[in-house]
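Q: Dropping a structure here in structure tokens format, bear with me for questions.
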């Protein structure tokens, strides 16, 4: 039971963000109205994706120095779960955009950056499937992964800030933090984000444990 | 000096008034929250998420069980 405490914490934090996210006080702003509460659920998806991709990069580096197949398995499962959260982030963002900007998708640097980032990580999975030999696959995809992560940072954080963007927090547009004068939104967003990150890591460990057993069965059979 | 301070204060006051009006005119679901049964939606979401969480715990336990079998 000792191992489960952080999983319980994750569930409690997300439950808190659902309850306080819907009932708590938010600043009244034109156009966004009550949809400002989406911040509590849309933003943590991206935080979780980033955390999982960082885990993936760390384990890719570990694989290159150790050549232990288990490190490669952690790296790939982190990307697998990270992409799920990335898709959730894209879908919730598109839904939100449709009711505030009037369209599901615009050629906004932040949105296009996120799309390119998604494709880059899908390419990682395609690359893995294209390589037959196990060690070669692990090594090449680890190197690809280490290069993909800084490019993702550039596309999602640096480029949108240098040009005009509709997206809050990007260039020429303030984030919602500026309107959150008493910090009541931060008090919901950050605990919720930690909760979602822990849930993402939990899902990753589950997938990794199953994958590890599959791998053991594969190598054990003559 | 006094005049400039006074006029500055007037400008600030005017700005504050205009901002106050723009935010007061925004329609928020404050009425909904008191009588619009928003708690029902909160309860539904809590039930859904709690259910999924319990399900996740059972999957976790199952994986642990299979892992133990594997070790034998």
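Chains as they are written, first to last, in the working numbering: chain A, 268 to 489; chain B, -8 to 63. For glycine and all other residues, C-beta sits at the position ideal for the given N, C-alpha and C. Keep in mind that this is a model prediction, so the values were computed, not measured.
1. Could you say which of A:293, A:282, A:270, A:359 lies nearest to residue 312 of chain A if we only look at CA atoms?
2. From what residue to what residue does the alpha helix (DSSP H) around residue 460 of chain A run?
3. For residue 476 of chain A, decide whether its Cβ has a neighbour in chain B, counting only Cβ atoms nearer than 9 angstroms.
4. What first and last residue would you give for the alpha helix (DSSP H) that runs through residue 313 of chain A?
5. So with Cβ pairs under 9 angstroms, would you call residue 379 of chain A a contact of chain B?
6. Interface residues of chain A around residue 57 of chain B at Cβ under 9 angstroms?
7. With a threshold of 9 angstroms between beta carbons, is residue 305 of chain A in contact with chain B?
8. For chain B, find out if any of its Cβ atoms is closer than 9 angstroms to the Cβ of residue 473 of chain A; answer yes or no.
9. DSSP on residue 298 of chain A, reduced to helix/strand/coil?
10. At a Cβ threshold of 9 angstroms, is residue 278 of chain A touching chain B?
11. If the cut is a Cβ gap below 8 angstroms, which residues of chain B does residue 289 of chain A touch?
12. Quick one: residues in its chain with C-beta nearer than 7 angstroms to the C-beta of residue 342 of chain A, no 5 flanking neighbours on either side, listed in chain order?
13. When you compare each of A:485, A:361, A:347 to residue 302 of chain A by their alpha carbons, which one comes out closest?
14. Please list, in chain order, all residues of the same chain as residue 219 of chain A whose beta carbon is under 7 angstroms from its beta carbon, the five residues on each side excluded.
15. List, in chain order, every chain B residue whose beta-carbon is nearer than 9 angstroms to that of residue 483 of chain A.
16. Residue 54 of chain B and residue 473 of chain A: beta carbons closer than 9 angstroms?
17. Chain B partners of residue 285 of chain A, CB-CB under 8 angstroms?
18. Can you give the beta carbon distance from residue 281 of chain A to residue 463 of chain A, rounded, assuming they're within the 8 angstroms contact cut?
19. Given this structure, state the Cα-to-Cα distance separating residue 468 of chain A from residue 370 of chain A, to the nearest angstrom.
20. Taking the C-alpha atoms as reference points, what is the distance between residue 417 of chain A and residue 317 of chain A?
21. When the Cα atoms are used, what is the spatial distance from residue 402 of chain A to residue 444 of chain A?
22. Considering only residues of the same chain and omitting the five flanking positions on each side of residue 309 of chain A, which have a CB-CB separation below 7 angstroms?
23. Have a look at B:38, B:51, B:59, B:-5 and flag the residue whose alpha-carbon is nearest the alpha-carbon of residue 270 of chain A.
24. Thinking residue 428 of chain A and residue 438 of chain A are a contact (beta carbons under 8 angstroms), I'd like their distance in whole angstroms, please.
25. Measure the alpha-carbon distance for residue 380 of chain A versus residue 40 of chain B and round it to whole angstroms.
A: On the basis of the data shown:
1. A:359
2. 453 to 487
3. yes
4. Here the alpha helix (DSSP H) through residue 313 of chain A covers 306 to 333.
5. no
6. The answer, in chain order, is 476, 477, 480.
7. no
8. yes
9. coil
10. yes
11. 29, 32, 33, 36
12. Scanning its chain for C-beta atoms nearer than 7 angstroms, with the 5 sequence neighbours on each side dropped, one finds around residue 342 of chain A the residues 323, 326, 327, 330, 409, 412, in chain order.
13. Measuring from the Cα of residue 302 of chain A, the nearest candidate turns out to be A:361.
14. One cannot answer for residue 219 of chain A here, as it falls past the ends of chain A, which runs 268 to 489.
15. 61
16. yes
17. 33, 36, 37, 40
18. 6 angstroms
19. 33 angstroms
20. 11 angstroms
21. 46 angstroms
22. 356, 359, 360, 363
23. B:51
24. 5 angstroms
25. 31 angstroms
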